[in-house]
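Peer 1: Residue numbers (my numbering): 52 to 170.
(1) Alpha helix (DSSP H) containing residue 77: first to last residue?
(2) Check this for me: beta carbons of residue 104 and residue 60, under 8 Å apart or not?
(3) Does the Cβ-Cβ distance between residue 94 and residue 166 come in under 8 Å?
(4) Suppose you measure from the CA of residue 87 to the CA of residue 132; what does that come to, to the nearest Å?
(5) Name the DSSP beta bridge partners of residue 161, please?
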């Protein structure tokens with residue numbers, strides 16, 4: 052899934068595609084490092100939001116969840132939490148830059164709480 056997003060972005064913005072690829076690889080490394088640090092039965096908990104870049108939805112939560120499963124975690128639970136009522140939710144300009152001024156696009160309209168237990 053991450054590969055599809057990276058290749059789709061590559062034609063529009065090579066630097067952004069490379070940054071997204073690096074971020075997705077970092078999430079895989081985080082999952083592997085958690086596996087090294089936790090004892091069997093230990094639980095990893097993450098709070099992560101998805102992003103929209105250049106009109107494409109980037110499923111950060113799904114990628115992290117798959118990375119955890121692929122590195123030996125199970126008992127995966129994902130809780131979605133709406134952030135619409137939080138006043139400190141930042142916005143993005145039409146070019147994708149962060150902005151404190153209200154725009155139609157928020158950085159994260161929701162976040163995901165991901166919990167996984169090491170087998």
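Every residue, glycine too, gets a C-beta built ideally from N, C-alpha and C.
Peer 2: Taking the structure as given:
(1) 65-88
(2) yes
(3) yes
(4) 29 Å
(5) 133
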